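Here's the structure, in structure tokens; my notes come after.
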Amino acid sequence: MFQVALIPPPLTGSNHRLPFTHAMTARLDTIDEDVLECIFWFVNPPRMHVKPTDLLFYDHNARSFAAVSRHFHEFCASRIYKNVPWVWRELKHGFVPESLWIYVRRLHVQLCGSNDTDALYQADPPPGMPEQLERALPHMPALETLRISIAGHRRHGVWPSLLQSLRLSVCLKSLEVDAQWRYSRESLAPINLDSGLALERFVYDASLAPIEHTNREANPGKRTSEQCQVETHNLQLLLDHCRGTLKTLELPAEISAEILRRPFPCLTDLTLRGYSPPLPRNIHSLWLSAVSLGSMLRNLDLQMIPCRDVVPDEDHSNFPVHCLSHLQSLTLSAINYMPNDPILQALPSTVTRLSLNPYPLPLDPDECDDWKIPTYIVSGGDLLRILGFGTFSNLDSLELSYRWNGDNYEMAILAALPGCSPYLRTLEFNRYEAPGRGLDFMLPLQQGLRNLHCLEKLSLNLEKIPPPIYVRHLDSFWEDIVSQERNARIRELGACVPSLRHISYLGMARRRRMTWVWTTWEVVRRDNNDVELVFAGNSDDIW
Numbered sequence: 001m002f003q004v005a006l007i008p009p010p011l012t013g014s015n016h017r018l019p020f021t022h023a024m025t026a027r028l029d030t031i032d033e034d035v036l037e038c039i040f041w042f043v044n045p046p047r048m049h050v051k052p053t054d055l056l057f058y059d060h061n062a063r064s065f066a067a068v069s070r071h072f073h074e075f076c077a078s079r080i081y082k083n084v085p086w087v088w089r090e091l092k093h094g095f096v097p098e099s100l101w102i103y104v105r106r107l108h109v110q111l112c113g114s115n116d117t118d119a120l121y122q123a124d125p126p127p128g129m130p131e132q133l134e135r136a137l138p139h140m141p142a143l144e145t146l147r148i149s150i151a152g153h154r155r156h157g158v159w160p161s162l163l164q165s166l167r168l169s170v171c172l173k174s175l176e177v178d179a180q181w182r183y184s185r186e187s188l189a190p191i192n193l194d195s196g197l198a199l200e201r202f203v204y205d206a207s208l209a210p211i212e213h214t215n216r217e218a219n220p221g222k223r224t225s226e227q228c229q230v231e232t233h234n235l236q237l238l239l240d241h242c243r244g245t246l247k248t249l250e251l252p253a254e255i256s257a258e259i260l261r262r263p264f265p266c267l268t269d270l271t272l273r274g275y276s277p278p279l280p281r282n283i284h285s286l287w288l289s290a291v292s293l294g295s296m297l298r299n300l301d302l303q304m305i306p307c308r309d310v311v312p313d314e315d316h317s318n319f320p321v322h323c324l325s326h327l328q329s330l331t332l333s334a335i336n337y338m339p340n341d342p343i344l345q346a347l348p349s350t351v352t353r354l355s356l357n358p359y360p361l362p363l364d365p366d367e368c369d370d371w372k373i374p375t376y377i378v379s380g381g382d383l384l385r386i387l388g389f390g391t392f393s394n395l396d397s398l399e400l401s402y403r404w405n406g407d408n409y410e411m412a413i414l415a416a417l418p419g420c421s422p423y424l425r426t427l428e429f430n431r432y433e434a435p436g437r438g439l440d441f442m443l444p445l446q447q448g449l450r451n452l453h454c455l456e457k458l459s460l461n462l463e464k465i466p467p468p469i470y471v472r473h474l475d476s477f478w479e480d481i482v483s484q485e486r487n488a489r490i491r492e493l494g495a496c497v498p499s500l501r502h503i504s505y506l507g508m509a510r511r512r513r514m515t516w517v518w519t520t521w522e523v524v525r526r527d528n529n530d531v532e533l534v535f536a537g538n539s540d541d542i543w
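The opening residue of the sequence shown carries number 1 in UniProt numbering; numbering runs sequentially from there.
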């Protein structure tokens with residue numbers, strides 16, 4: 001069954017010990033929704049490690065608040081049941097109660113694992129699943145996002161009957177697919193979506209193939225040619241129904257070339273991650289063909305693992321600058337942002353966020369050597385050349401990573417930041433493979449960042465070192481996480497940069513396993529100019 005703690009019906013005067021009158025209830029029902037929103041989060045404050053999207057997040061206080069009046073009941077129901085999972089197990093797959101359908105804005109269909117080996121290769125969905133969706137979707141007027149997830153060890157993607165049911169949705173705007181087609185037998189026939197699927201957002205959440213199904217020794221996470229062909233065919237078939245309306249698109253880079261060959265005229269957000277396809281010399285031709293002449297592209301995220309050495313086009317005069325005229329955010333993995341990459345010089349003044357981090361993130365403590373995907377981290381010298389080559393004067397947020405190759409380069413990077421991006425408010429600083437302890441770098445940071453007069457949020461990753469070296473330092477890492485020295489150094493840094501409001505530090509923690517966790521403090525300044533760090537929480541595991 002669908003197990004959630006349903007909110008009770010609104011109270012009436014005759015059923016409640018308090019003398020509620022119709023006049024009192026009427027006055028309560030005139031409270032503005034902005035005020036109700038504040039009250040709702042006051043009686044049900046956010047809790048660490050629990051997401052508001054989880055129905056279990058809402059406790060007795062929220063349900064009691066909903067029972068005050070019919071107006072309160074409707075208000076709370078629209079928040080509590082806004083994001084609903086439908087978990088399908090073999091013997092347990094109850095759907096959302098029909099009385100709640102009108103509130104659901106996001107529905108997550110999750111097909112769990114099975115002990116039946118035949119189910120791993122199912123040609124058709126479980127009996128009753130598509131029928132239930134077809135019955136419910138026309139009566140979910142608020143539904144904007146549908147996510148379909150299929151457990152990774154099941155060797156099949158989304159069935160055509162589930163995709164056909166999308167035509168019945170009243171106002172679906174976003175589709176997320178977390179399931180991979182792998183075999184040619186899964187090739188879709190033309191899909192009947194009647195007048196077309198007016199999606200504005202599509203995410204194929206499959207940057208890498210499941211590592212257990214790939215060649216671990218050669219290219220872990222790389223697709224087979226059969227998988228590439230069937231995914232390309234099926235995605236083209238689906239996306240052709242919404243090519244004219246799509247604004248946000250996320251695809252595995254490995255299969256994106258054919259799909260992006262024709263433009264998406266309304267595209268504003270494009271994300272390509274994973275292994276790169278075979279590319280021509282100009283690496284940016286992969287996405288440029290998807291952007292029309294009057295491009296409104298605002299967010300571009302290119303994080304790729306090269307299949308072979310790729311050299312960017314050094315002829316900057318041919319780069320179509322007009323495609324970037326509205327760009328606000330750019331994310332480039334290390335293989336893309338070679339120091340002479342023309343996109344860095346072509347950035348318009350509208351760009352306020354730039355991320356230059358490696359992909360995938362390096363140095364997972366539990367990573368098996370046989371499954372390891374090589375990660376290229378740009379050297380400090382190359383990063384310095386990038387900062388001098390590009391145009392970053394209007395940046396509000398910057399994420400950068402480099403591999404230590406000399407103190408001189410580090411000092412030069414810190415010295416360059418205030419002149420390169422004087423208006424930075426958010427900075428993420430990732431430093432890899434440096435000798436000594438990360439805390440020893442705090443003094444140079446104090447000197448280098450004090451001239452960033454707008455900096456409010458600073459994230460520091462100074463401890464990561466390559467395995468197996470980190471194994472010998474687990475005890476020192478663990479001590480650093482709780483050490484007074486670390487807190488003292490961070491407090492000194494906060495005092496040296498008067499504009500800082502939050503500082504995060506990446507350290508190793510012992511949870512279910514050894515993992516890297518961001519710890520965040522709020523920087524509180526007292527009247528006597530003292531600085532105090534107030535713990536603001538830990539991030540979820542970053543792997």
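Yeah, the Cβ is synthetic: ideal placement off N, Cα and C, and Gly gets one too. Note that this is a predicted model, so its numbers are computed, not measured.
**Request:** Compute the Euclidean distance between the alpha carbons of residue 168 and residue 134, then round it to the nearest angstrom.
**Result:** 7 Å
**Prompt:** How big is the Cα-Cα spacing for residue 451 and residue 418?
**Reply:** 6 Å
**Item:** Cα-Cα separation, residue 161 to residue 515
**Value:** 40 Å
**Request:** Please go through the same chain and pick out, in chain order, the residues whose beta-carbon is closer than 6 Å to the beta-carbon of residue 255, but skip the five residues on each side of it.
**Result:** 228, 231 and 232
**Message:** Less than 8 Å between the C-beta atoms of residue 249 and residue 235, yes or no?
**Reply:** no
**Request:** Tell me where the beta strand (DSSP E) around residue 409 begins and ends.
**Result:** Taken as a continuous stretch (DSSP letters only), residue 409 belongs to no beta strand (DSSP E), being part of the alpha helix (DSSP H) at 407-420.
**Message:** Taking only three categories from DSSP, how would you classify residue 531?
**Reply:** strand
**Item:** Of the residues 362, 208 and 355, the one placed nearest residue 274, counting alpha carbons only
**Value:** Residue 208 is the option with its Cα nearest to residue 274.
**Item:** Straight-line gap, residue 251 to residue 500 (C-alpha atoms, nearest Å)
**Value:** 36 Å
**Message:** Measuring alpha carbon to alpha carbon, tell me which residue in 458, 404 and 447 is nearest residue 437.
**Reply:** 404
**Prompt:** According to the Cβ coordinates, are residue 350 and residue 322 closer than 8 Å?
**Reply:** no
**Request:** Name the two residues that bound the continuous alpha helix (DSSP H) containing residue 252.
**Result:** Element bounds for residue 252: not the alpha helix (DSSP H) but the beta strand (DSSP E), 248-252.
**Prompt:** To the nearest whole angstrom, what separates the beta carbons of residue 253 and residue 267, a pair I think is in contact under 8 Å?
**Reply:** Actually they are not in contact, since the Cβ atoms of residue 253 and residue 267 sit about 16 Å apart, beyond 8 Å.
**Request:** Label residue 341 either buried or exposed according to how many other C-beta atoms from any shown protein chain fall within 10 Å of its C-beta, with 16 as the threshold for buried.
**Result:** With a 10 Å radius around the Cβ and a threshold of 16 neighbouring Cβ atoms, residue 341 comes out buried.
**Item:** Residues that residue 502 bridges to, as DSSP identifies them
**Value:** 457 and 522
**Asked** So the alpha helix (DSSP H) residue 148 belongs to, where does it begin and stop?
**Response** It is not in any alpha helix (DSSP H) - residue 148 instead sits in the beta strand (DSSP E) that spans 145-150.
**Prompt:** Which whole-angstrom value describes the C-beta separation of residue 150 and residue 179, a residue pair presumed to lie in contact below a C-beta threshold of 8 Å?
**Reply:** 4 Å
**Message:** Counting beta carbon pairs with one atom in the stretch 136-146 and one in the stretch 93-108, are three or more of them shorter than 8 Å?
**Reply:** yes
**Residue environment, residue 241, which counts as buried when at least 16 other CB atoms sit within 10 Å** = Around the beta carbon of residue 241, a 10 Å sphere encloses 16 or more other beta carbons of the protein chains shown; the residue is thus reported as buried.
**Request:** Please report how far the alpha carbon of residue 428 lies from the alpha carbon of residue 416, in whole angstroms.
**Result:** 15 Å
**Request:** Helix, strand or coil for residue 92, going by three-state DSSP, please let me know.
**Result:** coil
**Message:** On a Cα-Cα basis, can you pick out the residue from 328, 303, 329 and 295 that is closest to residue 320?
**Reply:** 295
**Prompt:** By Cβ distance below 8 Å, which residues in the same chain neighbour residue 502 in space, the five residues on each side in sequence not counted?
**Reply:** 456, 457, 458, 520, 521, 522, 523 and 536
**Prompt:** To the nearest whole angstrom, what separates the beta carbons of residue 143 and residue 172, a pair I think is in contact under 8 Å?
**Reply:** Taking the Cβ atoms as the reference, residue 143 lies roughly 6 Å from residue 172, within the contact range of under 8 Å.
**Message:** I need the straight-line Cα distance from residue 423 to residue 141, nearest angstrom please.
**Reply:** Approximately 44 Å between the Cα atoms of the pair.
**Asked** How far does the alpha helix (DSSP H) with residue 156 in it reach, from first residue to last?
**Response** No alpha helix (DSSP H) contains residue 156, which DSSP labels as neither H nor E.
**Request:** Return helix, strand or coil for residue 183, following the three-state DSSP convention.
**Result:** coil
**Prompt:** From which residue to which residue does the alpha helix (DSSP H) around residue 494 run?
**Reply:** Residue 494 -> alpha helix (DSSP H) spans 484-496.
**Item:** Length of the line joining the Cα atoms of residue 37 and residue 277
**Value:** 47 Å
**Buried/exposed call for residue 528, threshold 16 Cβ in 10 Å** = exposed
**Asked** If we ignore side chains and look at the alpha-carbon of each, how far apart do residue 562 and residue 386 end up?
**Response** Lying before the first or after the last residue shown, residue 562 is absent from the chain, which here runs from 1 to 543.
**Asked** Distance, Cα to Cα, residue 498 vs residue 487?
**Response** 17 Å
**Message:** Short of 6 Å in beta carbon distance, which residues of its chain neighbour residue 518, apart from the five on each side in sequence? Order them along the chain.
**Reply:** 504, 506 and 539
**Request:** Just the C-alpha distance for residue 374 and residue 224, rounded to the nearest angstrom, thanks.
**Result:** 19 Å
**Asked** Leaving out the 5 sequence neighbours to the left and right, which residues in its chain are closer than 8 Å to residue 130 when beta-carbon positions are compared?
**Response** Counting only Cβ-Cβ distances below 8 Å, and skipping sequence neighbours, we find 159, 161, 162, 164 and 165.
**Request:** Express the C-alpha separation of residue 262 and residue 288 in angstroms, rounding to a whole number.
**Result:** 10 Å
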